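Visitor: I'd like to ask some things about the structure below.
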Amino acid sequence: MDWTNLLTNVTGELFAPTTAAFALAAIGLNVHFGLTGLLNMGQAGFMLLGAYGFAISTIAGWPLWAAVLVAVVCAVAFAVVLGIPTLKLRGDYLAIVTIAAAEIVRIIGRSTALSDLTGASNGLLGNSFKHTFQDASPFPDGTFALGPFSYALNASNSWWLRLVAWVVVALACLLVWRLMTSPWGRVLKGIREDEDAVRSLGKNAFAYKMQALVLGGVLGAMAGILFVLPRAVQPDAMGRPTTFWVWTILLLGGAATVFGPILGSMLFWSALMLIKSVMRQVVPPSFMSVAEIEAFGWIVVGVTLMLLIIFRPQGILGDKKELAIDAR
């Protein structure tokens, strides 16, 4: 077994664009759940809307900043439309509605009636919408090696994308930290703990929850952009499993913490890469095929999520007093 190459690939996952994208999506979910107590099971819907908004706008000839703005507007609109009828629901009822809403977005994206716009189940090819982002790079074309890590400077899986992705994640962490320590954040924590008590103090709990839903949704949409820049926009790539991966990442690192989503995403993707890589090397093909090894890796993810909920719902960095999972 080539341990050097294996460890290089696993370590590379720690700062990969996909890791950054899911960290950002988990930060958005942290605003929903960790800060406000909203059981949002539809974060993948925000990610898919952001990806579609960015890609379709770019294909239509819009500049980079305008395409990102369209993605943000799509997330805001979706949050408002979703929040008006659902934010009065609590606990598992809200979870059911949000996962259904995300599925509606995915199914609409797969619809053949919109194939000219969304590409239906085939999606949108990456080369059709990546050029504006790559053109914004200050780096020359070519490849750059930093230690054992060698990537292109401007291609899909590039240093430029990694730099932008982690800067966005850092800014999102800074924003959430400032909000958590602000009066606005303290009201959201109050809603998470006892919404009726917050209402009795004259606060409009519905308005605060709507603001949290919009903010977390915008972060999810930005995560969707980062997720599709190294690949294509494919609706089934951001379906129900994506939401559960984001939940696993958040609960692994710790809800209601600033750096929990980042730690969770790094551990999630590097551990998944390690499990699959080791099994491909040591498990004979006659016993388990490559497809079965891939499926087994996700089985491990599911078991991990169950064990987290049972034995350590607060995650690695979390405080159990900060976590309130209820179904009121």
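Just so you know, my numbering puts 1362 at position 30 of the sequence shown, and the rest follows in order with no gaps.
Idealized CB from N, CA, C, for every residue including glycine.
All of these numbers come straight from a predicted model, not from anything done at the bench.
1) Quick one: what's got a C-beta closer than 6 Å to residue 1399's C-beta in the same chain, skipping five residues either side?
2) Using the Cα positions of residue 1642 and residue 1368, report the straight-line distance between them to the nearest angstrom.
3) I need the straight-line Cα distance from residue 1448 to residue 1454, nearest angstrom please.
4) Where does the unbroken alpha helix (DSSP H) through residue 1475 begin, and where does it stop?
5) For residue 1574 and residue 1558, I'd like the C-alpha separation in whole angstroms.
6) Let me check understanding here. Comparing Cα to Cα, which of 1346, 1568, 1520 lies closest to residue 1539?
7) Does residue 1565 come out as helix, strand or coil in the three-state DSSP assignment?
8) Going by the beta-carbon positions, is the gap between residue 1485 and residue 1492 smaller than 8 Å?
9) Please state whether DSSP places residue 1502 in a helix, a strand or coil.
10) Tell me the residue span of the alpha helix (DSSP H) that contains residue 1389.
11) Ignoring anything shorter than 4 residues, give me the alpha helix (DSSP H) runs that lie fully in the region 1496 to 1548, in order along the chain.
12) Look at the alpha carbon of residue 1618 and the alpha carbon of residue 1343, and state the distance between them as a whole number of angstroms.
13) Determine the extent of the beta strand (DSSP E) in which residue 1628 is found, giving its start and end residues.
14) If I'm right that residue 1408 touches residue 1550 with Cβ under 8 Å, what's the distance once you round it to whole angstroms?
15) Going by alpha carbons, who is nearest to residue 1598 out of 1505, 1348, 1335?
16) Between the beta-carbon of residue 1586 and the beta-carbon of residue 1522, is there less than 8 Å?
17) Alpha carbon to alpha carbon, how far is residue 1564 from residue 1658? Give it in angstroms, no decimals.
18) Have a look at the DSSP bridge pairing and note the partners of residue 1484.
19) Can you give me the Cβ contacts of residue 1345 inside the same chain, cut-off strictly under 7 Å, excluding the 5 residues immediately before and after it?
20) Alpha carbon to alpha carbon, what distance is there between residue 1380 and residue 1441?
21) Would the region 1369 to 1379 and the region 1430 to 1438 be scored as touching if the rule is three or more Cβ pairs under 8 Å?
22) Assign residue 1336 to one of two classes, buried (16 or more other C-beta atoms within 10 Å of its C-beta) or exposed (fewer than that).
23) Identify whether residue 1649 lies in helix, strand or coil by the three-state DSSP scheme.
24) Taking 8 Å as the cut-off, decide whether the C-beta atoms of residue 1465 and residue 1561 are in contact.
25) Compare the C-alpha of residue 1354 against each of 1338, 1376, 1341, 1340 and name the closest.
26) So residue 1580 and residue 1636 are supposed to be a Cβ contact under 8 Å. How far apart are they, rounded?
27) Using the Cα positions of residue 1384 and residue 1416, report the straight-line distance between them to the nearest angstrom.
28) One question on the structure: do residue 1596 and residue 1378 come within less than 8 Å of each other, judged by their Cβ atoms?
29) Give me the residue from 1478, 1626, 1501, 1452 with the minimum Cα distance to residue 1556.
30) Can you grab the Cα-Cα spacing for the pair residue 1445 / residue 1570, in whole Å?
31) Would you decide whether residue 1418 is buried or exposed? Buried here means 16 or more other CB atoms lie within 10 Å of its CB.
Guide: Per the coordinate set shown:
1) Taking the first residue of the sequence shown as 1, we reach residue 1399 at position 67. Within the same chain, residue 1399 has close Cβ partners 1386, 1389, 1390.
2) The residue labelled residue 1642 in the question sits at position 310 within the sequence shown. The residue labelled residue 1368 in the question sits at position 36 within the sequence shown. When rounded, the separation of the alpha-carbon atoms in residue 1642 and residue 1368 is 22 Å.
3) Looking up residue 1448 in the sequence shown gives position 116. Looking up residue 1454 in the sequence shown gives position 122. Computed Cα separation, rounded: 11 Å.
4) To locate residue 1475, count along the sequence shown from 1; it is residue 143. Residue range 1475 to 1478 is occupied by the beta strand (DSSP E) that includes residue 1475, with no alpha helix (DSSP H) assigned at that position.
5) Sequence index remark: in the sequence shown, residue 1574 carries index 242 (1-based). Sequence index remark: in the sequence shown, residue 1558 carries index 226 (1-based). Straight-line Cα distance between these residues: approximately 14 Å.
6) The residue given as residue 1539 occupies position 207 in the sequence shown. Nearest option by C-alpha distance: 1520.
7) Position 233 of the sequence shown, counted from the start, is the residue given in the question as residue 1565. In the three-state scheme derived from DSSP, where H, G and I count as helix and E and B as strand, residue 1565 is classed as strand.
8) Within the sequence shown, residue 1485 is the residue found at index 153, counting from 1. Within the sequence shown, residue 1492 is the residue found at index 160, counting from 1. In contact: residue 1485 and residue 1492 (Cβ atoms closer than 8 Å).
9) For the purposes of this step, residue 1502 is taken as the residue at position 170 of the sequence shown. Judged by DSSP in its simplified three-state form, residue 1502 adopts helix.
10) Here residue 1389 corresponds to residue number 57 of the sequence shown, with the count starting at 1. 1375 to 1391 is the extent of the alpha helix (DSSP H) around residue 1389.
11) Every unbroken stretch of the alpha helix (DSSP H) spanning 4 or more residues and falling wholly within the region 1496 to 1548 is given here in chain order: 1515 to 1525, 1527 to 1532.
12) Counting from one through the sequence shown, the residue named residue 1618 turns up at place 286. Counting from one through the sequence shown, the residue named residue 1343 turns up at place 11. Per the coordinates, the alpha-carbon of residue 1618 lies some 29 Å from the alpha-carbon of residue 1343.
13) Counting from one through the sequence shown, the residue named residue 1628 turns up at place 296. From DSSP, residue 1628 is part of no beta strand (DSSP E) but of the alpha helix (DSSP H) over 1622 to 1643.
14) Here the question's residue 1408 lines up with position 76 in the sequence shown. Here the question's residue 1550 lines up with position 218 in the sequence shown. Residue 1408 to residue 1550, Cβ: 6 Å. Contact.
15) By one-based count along the sequence shown, residue 1598 stands at place 266. Per the Cα distances, 1348.
16) As a working note, residue 1586 is residue 254 in the sequence shown. As a working note, residue 1522 is residue 190 in the sequence shown. Result no, Cβ atoms of residue 1586 and residue 1522 do not sit closer than 8 Å.
17) As a first step, residue 1658 is located in the sequence shown; it is residue number 326 there, counting from the start. As a first step, residue 1564 is located in the sequence shown; it is residue number 232 there, counting from the start. With a pLDDT of only 45 at residue 1658, under 50, the local geometry of the prediction cannot be trusted, and the value read off the model is given with reservation. Taking the straight line joining both Cα atoms gives about 38 Å.
18) Position 152 of the sequence shown holds residue 1484. 1475, 1490, per the DSSP bridge assignment.
19) If you number the sequence shown from 1, residue 1345 lands on position 13. So the qualifying residues of the chain are 1351, 1601, 1602, 1605.
20) Here the question's residue 1441 lines up with position 109 in the sequence shown. Here the question's residue 1380 lines up with position 48 in the sequence shown. The alpha-carbon atoms of residue 1441 and residue 1380 are separated by roughly 9 Å.
21) Between the region 1369 to 1379 and the region 1430 to 1438 there are three or more inter-stretch CB-CB distances shorter than 8 Å, so the stretches are counted as touching.
22) Position 4 of the sequence shown holds residue 1336. Residue environment: residue 1336 is assigned as exposed (fewer than 16 neighbouring CB atoms within 10 Å of its CB, all protein chains considered).
23) Start at 1 with the first residue of the sequence shown, and residue 1649 comes out as number 317. Three-state result, residue 1649: coil.
24) As a first step, residue 1465 is located in the sequence shown; it is residue number 133 there, counting from the start. As a first step, residue 1561 is located in the sequence shown; it is residue number 229 there, counting from the start. Yes, they are a contact pair.
25) Locating residue 1354 in the sequence shown gives position 22, counting from the first residue. Checked all of 1338, 1376, 1341, 1340; the closest Cα to residue 1354 is 1376.
26) Translated into the one-based positions of the sequence shown, residue 1580 becomes position 248. Translated into the one-based positions of the sequence shown, residue 1636 becomes position 304. Right, the Cβ-Cβ distance comes to about 6 Å (below 8 Å), so this counts as a contact.
27) Counting from 1 along the sequence shown, the entry for residue 1384 is found at position 52. Counting from 1 along the sequence shown, the entry for residue 1416 is found at position 84. Those two C-alpha atoms are separated by around 23 Å.
28) For the purposes of this step, residue 1596 is identified with residue 264 of the sequence shown, where counting begins at 1. For the purposes of this step, residue 1378 is identified with residue 46 of the sequence shown, where counting begins at 1. It is not a contact, given that the beta carbons lie outside the stated cut-off.
29) Taking the sequence shown and counting its residues from 1, one reaches residue 1556 at position 224. Checked all of 1478, 1626, 1501, 1452; the closest Cα to residue 1556 is 1501.
30) Numbered from 1 along the sequence shown, position 113 holds the residue referred to as residue 1445. Numbered from 1 along the sequence shown, position 238 holds the residue referred to as residue 1570. The alpha-carbon separation between residue 1445 and residue 1570 amounts to approximately 20 Å.
31) Mapped onto the sequence shown, residue 1418 falls at position 86. For residue 1418, the number of other beta carbons within 10 angstroms of its own is at least 16, and it is reported as buried.
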